[in-house]
Amino acid sequence: MKAKRNKTLRIWAGVGGVVIAAGLLLAADGITGDPLSRAWAERRALAYAERAYPDKTFTVQNSYAGSGFSYGVTVGAEESADTRFDVETRFWLLTHGNEDSMVENRHWTLMRQGVTGAQAIEDILDEACPQYERAENYSGWLPGTDPTQAAPLSVELDLCWTSDKTMSGAGEYVELFPLDSAFDPAVTAEVPDRLCAQILWDGAPAWDDLQTVADAFDAALTAAGYDIDYYDLTLVPRDASYDERKAMMVEGVIQK
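Just so you know, we're using our numbering here: the sequence shown kicks off at 3 and counts up by one.
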């Protein structure tokens, strides 16, 4: 009887050890993730993307593990730079993607065309307004490229932008932005948009200077076929210290 009882205790001890080990593994997976679960999430993400867009071939562009048994995967279509979105898998079986906002509502299309338009605007302003030196404070990264290789830009063009920030993506203007379409300056006359720039200023800028710069930029861009609605400008004293810049700089949004 005693031997039988000892055997039973050993069995329960073994079961308890397995349960504890499994609990520790699950706890670790919930915090940091594991390679097998990440690979599984990547597989599910590719299957999800191919169901959503059966005419496209997808590859994994990035994957990451979050907390709470959640794995995120960025997938992109080989045939379309703008068909790129994130797919999340939770608890290994619950999978959903954000293709509605990223692809269907043209998030990446607007970003790509905004960068392309900003690059063209830089050339226009360099020639038409050389007296206003612009700081390179904006990202020139394009979807599907290496962020570390992106050249900084001195202007930012935000397409489908409204001052109350109620728009997300192309919204009602989605038909003007086919996936992977090239940027056309004429589209700036069809959608609300904003141009951002930071100007290095000699001395202390005033509010009237902000209006003067906006007028000069607008004249140059209008002549080149653009129709910008808002100029979000910051005039920064060139040789001032950090604290002086904060106190003296002038910034504002000028609507045309």
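C-beta atoms are modelled at their ideal positions from N, C-alpha and C, and glycine is treated no differently.
Which residue from the options puts its Cα closest to that of residue i?
{"i": "Val176", "options": "Pro187, Asp166, Ser165 and Glu192", "result": "Glu192"}
{"i": "Pro145", "options": "Arg40, Asn64 and Asp231", "result": "Asn64"}
{"i": "His233", "options": "Ala226, Ala249 and Lys258", "result": "His is not the amino acid found at residue 233; the sequence shown has Tyr there. Comparing Cα-Cα distances from Tyr233 to each of Ala226, Ala249 and Lys258, the minimum goes to Lys258."}
{"i": "Gly227", "options": "Ser82, Glu174 and Ala188", "result": "Ala188"}
{"i": "Asp36", "options": "Tyr66, Val117 and Asp210", "result": "Tyr66"}
{"i": "Asp57", "options": "Glu81, Thr76 and Ser39", "result": "Glu81"}
{"i": "Ala137", "options": "Gly119, Ser72, Thr150 and Ser156", "result": "Ser156"}
{"i": "Glu44", "options": "Leu159, Lys248, Gly74 and Val215", "result": "Gly74"}
{"i": "Pro154", "options": "Asn139, Ala120 and Glu253", "result": "Asn139"}
Over what stretch of residues does the beta strand (DSSP E) that includes residue i continue unbroken?
{"i": "Ile256", "result": "Val252 to Gln257"}
{"i": "Thr97", "result": "Leu96 to Gly99"}
Using DSSP bridges, identify the partner residues of residue i.
{"i": "Pro239", "result": "Trp203"}
{"i": "Ala51", "result": "Ala51 is not bridged to any residue."}
{"i": "Cys198", "result": "Glu158 and Asp234"}
{"i": "Glu88", "result": "Rather than Glu, the amino acid found at residue 88 in this sequence is Asp. DSSP, once it has assigned bridges, lists Thr76 as partnering Asp88."}
{"i": "Asn64", "result": "Thr76"}
{"i": "Ser82", "result": "Ala79"}
{"i": "Arg136", "result": "Ile201"}
What are the boundary residues of the alpha helix (DSSP H) that residue i is part of?
{"i": "Ala130", "result": "His109 to Ala130"}
{"i": "Leu144", "result": "Run containing Leu144: none; DSSP gives neither H nor E here."}
{"i": "Asp211", "result": "Trp209 to Ala225"}
What is the C-beta distance between residue i and residue j, in whole angstroms, given that I count them as a contact (C-beta under 8 Å)?
{"i": "Ser1", "j": "Ala152", "result": "Any property of residue 1 remains undetermined from this structure, which presents the chain solely from 3 to 258."}
{"i": "Cys131", "j": "Ala49", "result": "That belief does not hold up - the Cβ atoms of Cys131 and Ala49 are roughly 52 Å apart, past 8 Å."}
{"i": "Glu135", "j": "Ile201", "result": "7 Å"}
{"i": "Thr111", "j": "Asp84", "result": "5 Å"}
{"i": "Phe179", "j": "Arg108", "result": "5 Å"}
Hey, is residue i close to the ligand SAH, as in C-beta under 6 Å from one of its heavy atoms?
{"i": "Asp166", "result": "Of the ligands one can find in the structure shown there are none, so the ligand SAH has no counterpart to examine."}
For the 8 Å Cβ check, are there 3 or more pairs between the segment 201-210 and the segment 231-248? Touching, per the Cβ criterion.
Assess contact between the segment 101-114 and the segment 122-138, defined as three or more Cβ pairs (one per stretch) separated by less than 8 Å. Is contact present? Proximity of the segment 101-114 to the segment 122-138 falls short of the contact definition, fewer than three beta-carbon pairs being nearer than 8 Å.
Can you confirm whether the segment 193-201 touches the segment 78-96 when touching is taken to mean that 3 or more C-beta pairs between the two stretches lie within less than 8 Å? Taking 8 Å as the limit for Cβ pairs, the verdict is that the segment 193-201 does not touch the segment 78-96.
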